[in-house]
Structures are given as C-alpha cells and as structure tokens.
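Sequential numbering of the sequence shown, starting at 2, is according to the numbering used here. Report on the following structure.
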Amino acid sequence: MSLVQTILRVNGQVIDIFNSPINQLQQQMRLTIEAMKEQQEWEIINNRDFGLINSVAPLMRVQSRRGTPTPDDMDELLAKVWKKPAFFLAHPRAIAAFGRECTRRGVPPATINLYGSPFVTWRGVPIVPCDKLLVDGKSCNHSNIGKTSILLMRVGERDQGVIGLHQPGIPDESTVPSLSVRFAGIDNRGIISYVITLYFGVAVLTCDSLGMLENVEVGRYHDYE
C-alpha cells in the first residue's frame, strides 16, 4: 500500500465569517481531496515501484511499427492481452493520433457511451483517456510532438487481471474509502489543521493481463486531398 498525505490549514476566522452560503471548510476539503486523487492517479500510472507503466512484463511490450499508433499496432497489443481485454488507457493526444491514422486508412473507429460520455473504441474495446500518461517523460508537454505509451489491460480479481488496492475501515475514515481526515489542532493564530491521508495501491495479478504499446508518436499529421 502507498499513500498520498497532506495537511489542510484553514483560518478559523474565515470559517466563522464567510461560511454562508458556502461551507468554507467543506469546499477546502473537497478541493484538497480532488488534488490528492489526481496525485493518486499519477502514482498508479507512473510510480517506479508499482506503477502500471513499470509493471509491464518485457514480453508484453510492443513497439510501434512506424511511430504513430496505427490499427495494426493496436491489433498487436490485443494479440498480447487477448483474454477479456477491458480497456486501453492512452493520453488524449495519443487517441487523437490514432484517430488520424484510422481516418487516413478509411476505418474510423466506433464510439460507445460510458458514464454519459462518448469513448472511441477499437475492436469493441474502449480507449479511455488519461493525461497522467507521460509525453516525452513530462506530465505537461505543450509541444506538438512527442512520444508516449498506450496500455491495454484485463481487470478484476476473478479474471486474474489488474486490481486496485485499498484499506477500508481505517480510523477517522471519511465518506471516501481509505481516506482519513484527522483533526490536528488549532495554533495560536487560530489556524485549524487537518491531516488528510489517502491509502491506495495497484497490483498486476498475472503478467498477461497488462500490455503496452511503446514509443507512440503523437505529433504526425496528414494532408488529405
């Protein structure tokens, strides 16, 4: 299990004076927890010890044939994770690059609706966007060029796939499982402190449940006549 931890400090006077119509403490908690969840997502993808990028077995890695993510590359990845593939995970720019390659070949990918939003699919497997996948090793790469990776996974304990880990029932647990909010006192300036801790982890139960397409170029465009 890993954790993300921070200390939220709120001025007691702000809570007293400006607590209506918006609950100041509640909103500060919400914003802090959202930021912690963003960090949690980054760690699940990129952590050197247990992140998905670093948990792919050598035999489950596929090199892009021409740099850009082509339908052939995605098929090669599906050939690796062929048993009950749940979804691809890709940077939004990688999804856009894949869409351009499909358009160039005249095979536009189908879309499905999940959780009220449209998702591009390939061979019936949804491609889920995730901006925590790095482009040229950076989280915020504003360049029009770069390389990234695309993951494909089977999920669930029953199917011996990728699973998330958490620890419910911890002391001072909030409404979010495995997240504790602990009062840490008030200093002589009236600053109220809370220690917020989020416990989490991820595990790849079998090596054939996680594959990766590497060295995917996201900045190649085509002219259409």
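For each residue, glycine too, the CB sits at the ideal point set by N, CA and C. Because the structure is a prediction, the values reported are computed rather than measured.
- Closest by C-alpha distance to S65, out of E215, T122, L26, G220, is E215.
- V163 is the residue among L60, D76, V163, Q28 whose C-alpha sits nearest the C-alpha of S210.
- DSSP places M213 in the uninterrupted beta strand (DSSP E) bounded by 211–218.
- At the C-beta level, I16 and Q25 come within 7 angstroms of one another.
- According to the DSSP assignment, N47 belongs to the alpha helix (DSSP H) that extends over 25–47.
- For R105, the enclosing alpha helix (DSSP H) starts and ends at 93–106.
- In this structure the segment 160–180 does not touch the segment 121–139; the number of beta carbon pairs closer than 8 angstroms is below three.
- Contact annotation: V63 and Q40 have beta-carbon atoms that are not nearer than 7 angstroms.
- Annotated as distal: V205 and S21, with beta-carbon spacing of 7 angstroms or more.
- Looking at the backbone, the Cα of G220 and that of T104 are separated by about 15 angstroms.
- The DSSP-derived three-state label of A87 is coil.
- When beta bridges are read from the DSSP output, K148 appears opposite E218.
- Less than 7 angstroms divides the Cβ of P110 from the Cβ of T122.
- Boundaries of the alpha helix (DSSP H) harbouring A80: 72–81, taken from the DSSP string.
- Check the Cα spacing between R94 and each of I197, L115, P70, V11: the tightest is with P70.
- Sorting L152, D160, G165, D50 by C-alpha distance to the C-alpha of L79 places L152 at the top.
- For G13, the secondary structure class from DSSP, reduced to helix, strand or coil, is helix.
- Relative to the Cα of Q14, the nearest Cα in the group F120, G191, W43, T198 belongs to G191.
- Boundaries of the beta strand (DSSP E) around I193: 192–205.
- Boundaries cannot be given for R124, as no beta strand (DSSP E) includes it and DSSP labels it neither H nor E.
- Per the C-alpha coordinates, the member of L53, I54, G100, P59 positioned closest to D73 is G100.
- Inter-residue distance for L53 and M213 is about 9 angstroms (C-alpha atoms, whole angstroms).
- Assignment of beta-bridge partners to P22 by DSSP yields no partner.
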